[in-house]
Structure formats: C-alpha cells, structure tokens
Amino acid sequence: MPHASFLRTHPDPRPLAVPTTPDATVPAEPALAVVVEPDFVVPVAPDELPVPVQEPRPDSSADYRATHSVLLTSLFGPGRPALPPEGSELCAYGPLLGARRPDTGRRVGGIVVPTGRSFRLTEEGLLFAADIALTHGCPLIVVHSRDALPEEFPQSVRDLLGDALVLVDLDSVSPSWQPGFATAEDELSSLHRCNDVGWKRNLGIMLAVRFGWEFVLFLDDDIRAAAQGPTLTPRYLAHALRVLNEDPDLMIVGWTLRDFDDNSVVGHARPLVGLPQDIFISSGALLLRVGEDTAFFPHGVYNEDWMLVLQTLAGARDYQRALAHAGPVHQKPYEAFCPERARSEETGEILAEGLMNLAEDHGPAFARVVSGQYWKRVMARRRTLLRTIVRGRAGDLLLWDEGKPPRSDDPVVVCMNTALWTHQQLHHRKLLAYTTKWRQDWDFWKSVLVRLSQEAAGPETETEIPRLLASVRARWPHPEAEQGCQDRVARSASTTDRGRKVTF
Numbered sequence: 001m002p003h004a005s006f007l008r009t010h011p012d013p014r015p016l017a018v019p020t021t022p023d024a025t026v027p028a029e030p031a032l033a034v035v036v037e038p039d040f041v042v043p044v045a046p047d048e049l050p051v052p053v054q055e056p057r058p059d060s061s062a063d064y065r066a067t068h069s070v071l072l073t074s075l076f077g078p079g080r081p082a083l084p085p086e087g088s089e090l091c092a093y094g095p096l097l098g099a100r101r102p103d104t105g106r107r108v109g110g111i112v113v114p115t116g117r118s119f120r121l122t123e124e125g126l127l128f129a130a131d132i133a134l135t136h137g138c139p140l141i142v143v144h145s146r147d148a149l150p151e152e153f154p155q156s157v158r159d160l161l162g163d164a165l166v167l168v169d170l171d172s173v174s175p176s177w178q179p180g181f182a183t184a185e186d187e188l189s190s191l192h193r194c195n196d197v198g199w200k201r202n203l204g205i206m207l208a209v210r211f212g213w214e215f216v217l218f219l220d221d222d223i224r225a226a227a228q229g230p231t232l233t234p235r236y237l238a239h240a241l242r243v244l245n246e247d248p249d250l251m252i253v254g255w256t257l258r259d260f261d262d263n264s265v266v267g268h269a270r271p272l273v274g275l276p277q278d279i280f281i282s283s284g285a286l287l288l289r290v291g292e293d294t295a296f297f298p299h300g301v302y303n304e305d306w307m308l309v310l311q312t313l314a315g316a317r318d319y320q321r322a323l324a325h326a327g328p329v330h331q332k333p334y335e336a337f338c339p340e341r342a343r344s345e346e347t348g349e350i351l352a353e354g355l356m357n358l359a360e361d362h363g364p365a366f367a368r369v370v371s372g373q374y375w376k377r378v379m380a381r382r383r384t385l386l387r388t389i390v391r392g393r394a395g396d397l398l399l400w401d402e403g404k405p406p407r408s409d410d411p412v413v414v415c416m417n418t419a420l421w422t423h424q425q426l427h428h429r430k431l432l433a434y435t436t437k438w439r440q441d442w443d444f445w446k447s448v449l450v451r452l453s454q455e456a457a458g459p460e461t462e463t464e465i466p467r468l469l470a471s472v473r474a475r476w477p478h479p480e481a482e483q484g485c486q487d488r489v490a491r492s493a494s495t496t497d498r499g500r501k502v503t504f
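Right, here's the structure in full:
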C-alpha cells in the first residue's frame, strides 16, 4: 500500500470537478491534480499520481532516526591498540602530524580550520588548534572569508606558531582552483543558503594531497577539549594516528561536539517534545585519511560533512570499520532556534538523513537504491516529524505567507513551520537529480586529486601556499576528457593500495 499521506487522493473518493460536454459521460483528463496531505497541499501532474504497490514488509528507511551510531566503531574498542600508561611521553601514544616520512620526506599531515566569523570572536578556538599544531609540529592552515578579516587575526596565534601558521584568504584564491562540481550549480545547493565552508574544506583536502600529506585534521573555530575522559588532545590525536596507521580499513576518526550538542534546529527541538536525539561525528573535529580517492564536501548544501562520510562509506573496503568515534569535544553555544537557520538546513537535512538511513540498511551500495519514490517517502515523513514537534509545543500549523512571519511566540514553533514552508520549493525529482550529480561529481573530484598527487613532488613548502593558490592553474581534467587520467582514476577507485573496492 502507498504511504498513508497519499491515501486521500483524487479522483477517488472525491471526484475532480472538471467540465464535460453533453455527449461526454467521462470527464476529460485534468491538466493538474493534487495530492492532499493533512495541512499540506502538493501540486502533482496526472502521470505522477501514486500507484498502489505491494511492499513485502514495512519500509522504515524513510523514517527519521534519532541515531546513526550503528555506523561507528570506537577508537578504543576491541582489537584497537591500547593507550600507553598514564604519564607516558607523547611519542608513546603514536606518530605526530608534523613528522616527516623517511621514504618521501613529506609530513604526515596538518590542521585546517575554515572560518567566516570575525577573528575577534574565535581567538579561543584558534588557540586550541594552534596548541595542537605546535605540539605536533605541523602547519595550521586557516581558510577565512566574510567577516574573518586578516588584519584582525589574533596576534597570540601568530606569536605561538610563527611560520607554521598559514592564512588563506578565500577571496585571494584563483578561481581556476575551483572544481567544477555539478552539484555546486544545482539549485538545491543555494536554496535559502549561502555558505562556503564546503569549498574551504575541499581546499584543505586539495592542499593535503598536493603536499603529500596522509591525514588532515579539520577543526571548527569554536572547539575545545572536554574536561575529562578521552577527548581531542595532542596525546589522543597521536593515538588516533597510530590506530589509523595500524588499520587501513579505518578512514575517518571523529569527535562528537558536546556541551552545546552539534545538531540541526530540528535535532535540538526533538528532545523538547520527548523525542530521543543522538549526536554523530561531524567536520567540527574530524581526522581524515587523504589520497586520490578521498571523498569531497558538496558546496553550499547543509550537512556537507555527512555527505563526505557517506561517500567514504561507499568506497570503503569494510564500511563497518571505516568510521571511529574518539570521544567528545566542546563547542560554544549559539542560538539554536533561528528561523533562517531552520530554512537553510532543511534541504541538507532531507538529503543527508535519507541517505544515511540507506547506508545503514544497504551498506556501500546504498546509492543504487535511491529513487524518486524513496525521496517522496522521506519528505512526507519529514513533514510528519515537523508537525509532531509543533503539536508537542502546543503550537499551530500555519500556512506560510512569504510576506508575513509565522504567528507564534515560541521560536521552536516558528522554526518548524519555517522548515515546513521550505518543502513547497522541494520535489522528489530535484532530490533525485541532486544525488545523481553528487555521484558523478565524485568521479570528477577523484580526477582532480589524481592531478594534484602528480604535482606533489614539487619543491614548494607549506609557507608558499598563499602564493600557490593565488596563481592561475591549468583547467582541471574531466574523467571523460583525458583517457589516461580516467584509467588511473578507475584503477584507484576499484583497487587501491589499501585494497578498498568502491561500489558507489
């Protein structure tokens, strides 16, 4: 049977009122019908009206899930290396990010912090990142734009790191460095959203590959270590690098952002009406293995870090061992219930939550299961969740008038109704088209990384990054444009030096 939200459809049980002629007893086919859901009307063309189908068992893949922890292993779980005794030297925990590999002389890795907020607000978080960089002897690359003005950069961080600090003004980066992602041009990437953090993080991956790093640690500008227990410190970071070195199946180590939990507006609202809500790893504190087949952060869309995680799972040799949780870190509080935030997050929430469910249920081949009908179910059940939260707050569901704000004194109700309004501009076909482009973009992205890895033997050091990024470079090869590069990407995608097979 179709989902319950589709049961009240025209022409049965309420026939459409359409004009007829005296000689005609059967109404002409309507130009446009509607599917009526409670409190929501979606225009649907006649050939798109739902057709009853037989499902062998209830399908919960489209339901919102409070946790995705089944996809995570523990950095300290069975089979993982044990921590050294308390008080041991740093080198006993594992390698350092700034260490040089004896075979190539290249660094093990570095730290990248993307930011767009005023540096006057982020000094504490930047000092936290700088302390780790100093202890590990690695570069700290701060990619900044918008309100993060270079003349306001904290002198305390400059004094601490010296030449190990690399400031990258995104406006000074040559446009020729931008990969031509199809998803970046898709309307869903900019629907109620203007964000460049995905591009900043991708630039971090590109620099990591270009300079021959094996790992990159992404940090947000408001992160600090937890007060106790396993968290992100120089020692625990060295241990994470040790585990990554000993387990080639492990691709990502992440720390969950606590204190002010790292959730979307809807994720913050769920506990207020008695619904469970967990926290997943995110790019706020993420240690990523990098190479020619590394995933990418989609530009513009919310949950770009989950989209990278999903591609990583798709390309993993053993997806059940690809992700590890290493403990909590803290982030500064912010205004959780902001209508603009709810509106800008909704598209990315639908995409990432829907795909994450499929990854849980189908493993690395999850992208092959995506269909227009699946996105219809995801959207319908998402609206059910939003209404449930509104009613749990004793609020009213409102028909949105773009010229007038929702009538409520409860910011939670306003945010949920704002998110509901966004659905009027979404369609399952748009979601399906985006995910198709997303898959194709990864092939193109891998050709970009192959080209950068070929340049990794150059003489530049990390101090020359600003000059390098300001220079105009040759156009990126497209997989279909250069057969030789395409063949290398295919070999890298099917069988890498770590033996991973990509089924994405």
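Read in the UniProt record's numbering, the sequence shown has 193 at position 193, and its numbers run on one by one without any break.
Cβ coordinates follow ideal geometry from the N, Cα and C atoms, glycine included.
query                                                                                                                           : result
Member of S344, L432, K446 whose CA lies at the smallest distance from the CA of T294                                           : K446
Minimum C-alpha distance to D318 - residue among A99, R193, G363                                                                : G363
Beta-carbon gap between A148 and T122 smaller than 9 Å                                                                          : yes
Among L241, R210, K200, nearest to T115 - alpha-carbon criterion                                                                : K200
Ordered list of beta strand (DSSP E) runs contained in the segment 147-220, each at least 3 residues                            : 165-169, 215-219
Residues sharing a beta bridge with G254, DSSP                                                                                  : L286, H325
Spatial distance of residue 508 from A322 (CA atoms)                                                                            : The requested residue 508 is not part of the displayed model; the chain covers only 1 to 504.
G109 in three-state terms, based on DSSP                                                                                        : strand
Sequence ranges, alpha helix (DSSP H) only - wholly within the segment 378-440, length at least 4                               : 411-422
Option nearest W375 by Cα separation, candidates L431, M356, G395                                                               : L431
6 Å Cβ shell around V53 - same chain, five flanking residues per side excluded                                                  : Annotation note: pLDDT 44 at V53 (below 50); position unreliable, no value reported.
Backbone CA spacing between E345 and T256 [nearest angstrom]                                                                    : 19 Å
Residue closest to P126, alpha-carbon to alpha-carbon, out of Q331, Y434, T347, H428                                            : Residue 126 is actually Leu in this sequence, not Pro. Residue Q331 is the option with its Cα nearest to L126.
Neighbourhood of S264 by C-beta distance below 7 Å, restricted to the same chain and skipping five residues each side           : E345, E349
Entirely enclosed beta strand (DSSP E) segments - the segment 305-366, minimum 3 residues                                       : 323-331
Beta-carbon contacts of V370 that lie in its chain and below 6 Å, excluding the five residues immediately before and after      : T435
CB-CB length for P339 against T388, believed under 8 Å                                                                          : Actually they do not touch by this definition, with Cβ atoms about 19 Å apart.
Exposure label - Y334; buried when at least 16 CB within 10 Å                                                                   : exposed
Distance between Y64 and V450 (C-alpha atoms, nearest Å)                                                                        : 37 Å
C194 versus H299 - alpha carbon distance                                                                                        : 10 Å
Beta-bridge pairing of L140 - partner residues as DSSP gives them                                                               : I111, L165
Within 9 Å, strictly: CB atoms of G137 and L232                                                                                 : no
Beta-carbon proximity of D186 to A285, cut-off 9 Å                                                                              : no
CB contact flag (W213, R100, <9 Å)                                                                                              : no
9 Å Cβ cutoff met for G105 and A208                                                                                             : no
Contacting residues, own chain, Cβ-Cβ under 6 Å from D249 (five flanking each side not counted)                                 : R317, D318, R321
Contacts around V301, its chain only, beta-carbon distance under 6 Å, and the 5 residues preceding and following it disregarded : S189, G348
Close beta carbons around M356, own chain, < 6 Å, minus the five adjacent residues each side                                    : H68
Where R80 falls: helix, strand or coil (DSSP)                                                                                   : coil
C-alpha distance - E292 paired with M206, whole-angstrom precision                                                              : 10 Å
Residues bridged to T67 [DSSP beta-bridge criterion]                                                                            : Paired residue(s): none; T67 is not in a bridge.
contact_flag[the segment 457-470, the segment 155-167] where n(CB pairs < 8 Å) is 3 or more                                     : yes
Residue 539 - containing beta strand (DSSP E), residue span                                                                     : Outside the displayed span of the chain (1 to 504) sits residue 539, for which this structure offers no information.
Cβ neighbours of V290 in the same chain (closer than 7 Å, five flanking residues each side left out)                            : I205, A208, V209, W213, E214, F215, V216
Which listed residue (P84, L97, P85, A62) has its alpha carbon closest to that of L288                                          : L97
C-alpha gap between F296 and V112, whole angstroms                                                                              : 15 Å
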